[in-house]
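The numbering of the sequence shown is my numbering, which starts it at 49 and goes up by one.
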Amino acid sequence: MNKKVWKNKLFRWESALVLILLTEIIIFSLMNPKFLQAKVLLGSINDFISICIISLFVTFVLITGGMDIQAGSIVGLTSITLGVLWQDAGLNIWAAVFVAILLGGLCGAISGFLVAFTGVQAMVVTLGGQFLYSGLALAVVNLSSSSAFEGISGFPSSFIKLASGNVFGIPNQVIIFIVLIVLSYVLLHKTKYGRYVFLCGINRNAAIYSGIKTKWIIMSTYILSGMSASAAGIVLTSYLGSARADLGKELTLPIITAVVLGGTSNLGGKGGVIGTALAAIVIGIMRFGLVMAGLPTQYLDIPIGLLLVVAVAARTISCNQGLMRKVNKLLKRA
């Protein structure tokens with residue numbers, strides 16, 4: 049392998065994310081020695097698994113040039129629907145899980161259809177979806193015999209083990225995340241479908257002239273995003289042991305930050321699953337580490353917001369060739 053190949057691998061953005069992650073682990077372990085314990089470090093994914101799962105498939109949406117800020121609302125809708133189907137409708141828990149996944153896909157399909165087939169801006173559609181699905185979640189609560197404050201609990205132990213169990217000491221949530229990384233990576237980077245997703249973001253007209261059914265491709269990315277939000281809602285419900293309509297309401301900012309920080313362009317046409325996965329872990333470890341360091345949870349959005357601004361600004365600057373030439377000249381003079 050020649051030096052150029054090694055240089056390209058070394059200076060990829062994913063390498064920088066690995067370095068950031070290692071730096072976080074070192075800093076937080078110095079602030080709290082318990083942080084470095086393997087059990088604590090592996091168990092920390094329980095607190096941000098939803099960000100990890102959803103961001104993988106929101107990456108698909110952003111690559112097409114779209115936007116999805118409704119995923120957090122779908123998490124809550126999925127959770128409370130799952131609880132009502134199991135407790136009040138008497139459905140088998142795993143049958144309820146299957147229906148909940150289909151519900152997330154339906155929510156994504158509705159938004160995807162409006163974006164792809166009617167030309168309405170994705171931001172507007174998914175913002176409307178955010179309010180719509182949050183409202184529907186509250187409406188579903190009224191069908192339950194439990195109050196919205198209490199939530200629905202008492203799930204079967206087999207369902208609780210979905211999030212709390214482990215295989216050879218590795219938490220199930222880590223395994224779920226790894227499986228979804230592999231699945232999304234193969235789908236986006238190793239299949240014809242993935243190439244179509246990229247082409248829709250790079251040049252949609254060229255994709256149309258190539259015979260690609262771009263509207264269906266774009267719509268499908270929202271379906272995948274919706275189903276991933278449902279999967280996250282199911283895992284989160286299993287972990288907490290309670291179905292609630294307000295689960296996921298704080299996830300929008302971390303999800304979008306993970307996707308953008310992972311190297312996916314907010315303008316479409318560029319991105320990757322591995323970068324998103326690493327960025328999601330970086331954000332999750334940051335949130336977990338700051339809590340262990342004593343930062344109140346209500347302030348966790350501050351560093352996440354800063355990360356999002358810095359990531360977007362850095363990408364904009366790096367894409368501005370004129371500005372980059374000026375920066376290089378200043379660095380050479382210095």
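Think of the CB as a built atom: it goes at the ideal place given N, C-alpha and C, for glycine as much as any other residue.
Note that the coordinates shown come from a computational prediction; the quantities given were computed from them, not determined experimentally.
Label residue i either buried or exposed according to how many other C-beta atoms from any shown protein chain fall within 10 Å of its C-beta, with 16 as the threshold for buried.
i: glycine 202; result: exposed
i: valine 358; result: exposed
i: glutamine 85; result: exposed
i: tryptophan 134; result: buried
i: proline 204; result: exposed
i: proline 219; result: buried
i: glutamine 346; result: exposed
i: serine 276; result: buried
i: valine 163; result: buried
i: serine 206; result: exposed
i: alanine 143; result: exposed
i: valine 188; result: buried
i: threonine 312; result: buried
i: alanine 255; result: buried
i: leucine 70; result: exposed
Check for me: the alpha helix (DSSP H) holding residue i runs from which residue to which?
i: serine 258; result: It is not in any alpha helix (DSSP H) - serine 258 carries neither H nor E in the DSSP assignment.
i: leucine 315; result: It is not in any alpha helix (DSSP H) - leucine 315 carries neither H nor E in the DSSP assignment.
i: alanine 137; result: Unbroken run through alanine 137: none, as it is neither H nor E.
i: glutamate 62; result: 61-79
i: tyrosine 244; result: 240-250
i: arginine 335; result: 321-340
i: methionine 171; result: 170-189
i: isoleucine 149; result: 141-166
i: isoleucine 226; result: 220-237
i: lysine 87; result: 86-91
Sort the options by Cα distance to residue i and report the nearest one.
i: isoleucine 229; options: Ile73, Thr107, Asn80; result: Thr107
i: threonine 285; options: Leu67, Phe76, Leu69, Val123; result: Val123
i: valine 168; options: Gly113, Ala255, Tyr347; result: Gly113
i: leucine 90; options: Met267, Val222, Gly183, Leu69; result: Val222
i: phenylalanine 76; options: Pro344, Leu348, Leu338; result: Leu338
i: glutamate 405; options: Leu356, Phe246, Gly310, Phe225; result: The chain is shown only over 49 to 382; residue 405 falls outside these bounds and no answer can be derived.
i: glycine 320; options: Phe207, Leu186, Val245; result: Val245
i: leucine 315; options: Ile68, Ile224, Ser121, Ile250; result: Ile250
i: tyrosine 270; options: Ser159, Arg60, Ala64; result: Ser159
i: glycine 199; options: Ala279, Ala293, Trp264, Ser121; result: Ala293
i: phenylalanine 165; options: Gly317, Met267, Ile322; result: Met267
i: methionine 171; options: Gln118, Ala64, Cys248, Ile260; result: Gln118
i: methionine 334; options: Ile68, Ala64, Arg60; result: Ile68
i: leucine 186; options: Val132, Ile208, Tyr233, Glu298; result: Val132
i: lysine 318; options: Ala255, Cys248, Gly156; result: Cys248
i: isoleucine 322; options: Leu70, Phe161, Ser232; result: Ser232
i: isoleucine 265; options: Gly156, Leu354, Lys82; result: Gly156
i: isoleucine 111; options: Val66, Arg252, Ser278, Lys261; result: Arg252
Skipping 5 residues on each side, what residues in its chain have a beta carbon closer than 6 Å to that of residue i?
i: alanine 328; result: Ile99, Cys100, Ser103, Ala306
i: aspartate 116; result: Val106, Val109, Thr174, Ser273
i: aspartate 95; result: Phe336
i: leucine 295; result: Val123, Gly124, Ser127, Leu284
i: isoleucine 73; result: none
i: phenylalanine 225; result: Cys100
i: alanine 280; result: Ser98, Ile101, Ile102, Val123
i: serine 121; result: Gln178, Tyr181, Ser182
i: serine 92; result: Phe336
Which residues in the same chain have their Cβ closer than 7 Å to the Cβ of residue i, if we skip the five residues on either side of it in sequence?
i: isoleucine 352; result: Leu301, Pro302, Thr305, Ile331
i: valine 145; result: Leu130, Ile282
i: glycine 242; result: Leu235, Leu236
i: alanine 341; result: Phe76, Met79, Asn80
i: valine 308; result: Asn314, Leu356, Ala359, Val360
Tell me which same chain residues have a C-beta within less than 8 Å of the C-beta of residue i, skipping the five on either side of it?
i: leucine 154; result: Gly274
i: lysine 263; result: Ala164, Phe165
i: methionine 49; result: Residue placement at methionine 49 cannot be trusted, given a pLDDT of 48 that sits under 50; what the coordinates show is reported in the next sentence. If we look at methionine 49 and ignore the five residues flanking it on each side, it has no Cβ neighbours.
i: aspartate 349; result: Glu298, Leu301
i: serine 258; result: Leu247
Inter-stretch contact at 8 Å, needing at least 3 Cβ pairs: the segment 136-149 / the segment 70-89: They do not touch, by the three-pair rule.
Three or more C-beta pairs below 8 Å linking the segment 136-144 and the segment 315-328: The segment 136-144 is not in contact with the segment 315-328.
Cβ contact check for the segment 283-298 and the segment 199-216: 3 or more pairs under 8 Å: Per the Cβ contact rule, the segment 283-298 is in contact with the segment 199-216 (3 or more Cβ pairs under 8 Å).
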